[in-house]
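See structure below.
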Amino acid sequence: MSLFAEWVNKPEFIGEYNPLRQLSRAEIEKGYEKSSLERGEFIIEEKDGSKIGYVWHFTTVHSAMKLLEIGYFLVPSQTGKGYCSEAAKIMVDYLFLSKDIVRIQAHTDLRNVASQKVLEKVGFRKEGIIRRSIFIRGEWRDARLYSILREEWKGLRILIKTP
Ligand SMILES: CC(C)(COP(=O)(O)OP(=O)(O)OC[C@H]1O[C@@H](n2cnc3c(N)ncnc32)[C@H](O)[C@@H]1OP(=O)(O)O)[C@@H](O)C(=O)NCCC(=O)NCCS
12 MSLFAEWVNK
22 PEFIGEYNPL
32 RQLSRAEIEK
42 GYEKSSLERG
52 EFIIEEKDGS
62 KIGYVWHFTT
72 VHSAMKLLEI
82 GYFLVPSQTG
92 KGYCSEAAKI
102 MVDYLFLSKD
112 IVRIQAHTDL
122 RNVASQKVLE
132 KVGFRKEGII
142 RRSIFIRGEW
152 RDARLYSILR
162 EEWKGLRILI
172 KTP
């Protein structure tokens, strides 16, 4: 939580395609308590244990819809090395292996090419444009919605199910 609180307030970490926020640790904790969303968060680590990013999943609509959404960010010094694609693949494996869901989705700013490449490398497909969906840096921006269906998930990629 303290690492997340530190990262989420830094513009260089959240990038130019996410809203700028300044949240205290207490405000973040309060948000978690108030929220009815089911969510799970994981830190992305290098082999030596250094913490380089976050990947998370959450419900966006009614839980009966059997879908989850994912998000992610990396510390700026570690982008462009394939780490996020690997973390997102592991997340997709984990979610399809452990949750009763039919799809995983992600929204990304139309201009966020790096994020769209990550999703395409993991096997997500473009679904459409969600118009004026998020207010960033003084303007309403369009997002692209991506998804991967359980039947499109090509079996186990990185994670292996153990009995
Ligand atoms: C989006 C983000 C997580 C990508 O992480 P990453 O580890 O760099 O991703 P990967 O290295 O796995 O793949 C990124 C791909 O995008 C490409 N890329 C990176 N920046 C790019 C840019 N500005 N324009 C075009 N392509 C770009 C990389 O070359 C790579 O493509 P390749 O595999 O064909 O070489 C990272 O840039 C980030 O944390 N951004 C800020 C937060 C954010 O935008 N989160 C997503 C919100 S939806």
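In my numbering, the protein residues as written are 12 to 174. The beta carbon of each residue, even a glycine, is placed where N, CA and C say it ideally should be.
Which residue comes first and which comes last in the beta strand (DSSP E) that contains residue i?
i      : result
LEU85  : 78-85
PHE15  : First-last for PHE15: 13-19, but that is the alpha helix (DSSP H), not the beta strand (DSSP E).
SER158 : 150-160
GLU52  : 50-56
Provide the residue span of the alpha helix (DSSP H) that contains residue i, from first to last.
i      : result
ASP120 : ASP120 -> not in any alpha helix (DSSP H); beta strand (DSSP E) instead, spanning 114-120.
ILE25  : 22-25
With H, G and I counted as helix, E and B as strand and the rest as coil, what does DSSP make of residue i?
i      : result
GLY42  : helix
TYR105 : helix
VAL124 : helix
SER35  : coil
GLU138 : strand
GLU163 : helix
LYS62  : strand
Just confirm the distance between the C-beta atoms of residue i and residue j, as a whole number of angstroms; I'd bet it's less than 8 Å.
i      : j      : result
SER158 : ILE115 : 7 Å
ARG50  : PHE24  : No, ARG50 and PHE24 are not in contact; Cβ-Cβ is about 19 Å, not under 8 Å.
ALA154 : ASP104 : That pair is no contact at about 25 Å.
VAL66  : MET102 : 5 Å
LEU156 : HIS118 : 6 Å
Would a check of beta-carbon distances place residue i closer than 9 Å to chain B?
i      : result
LEU167 : Protein chain content of the structure displayed is limited to a single chain, and chain B is not contained in it.
| How do the region 153-168 and the region 124-138 stand: do at least 3 beta-carbon pairs fall below 8 Å, yes or no? | Inter-segment contact for the region 153-168 and the region 124-138 is present: three or more beta-carbon pairs are separated by less than 8 Å.
| message | Can you confirm whether the region 72-84 touches the region 145-157 when touching is taken to mean that 3 or more C-beta pairs between the two stretches lie within less than 8 Å? | response | Between the region 145-157 and the region 72-84 there are fewer than three inter-stretch CB-CB distances shorter than 8 Å, so the stretches are not counted as touching.
| Do the region 66-79 and the region 104-120 touch if we need at least three Cβ pairs shorter than 8 Å? | With the cut-off at 8 Å, the region 66-79 and the region 104-120 touch.
| task | Inspect the CB distances between the region 15-26 and the region 35-52 and report whether three or more fall short of 8 Å. | result | Enough Cβ pairs lie closer than 8 Å, so yes.
| query | Counting pairs of beta carbons, one from the region 54-69 and one from the region 91-101, are three or more of them closer than 8 Å? | reply | Result yes; three or more Cβ-Cβ pairs closer than 8 Å.
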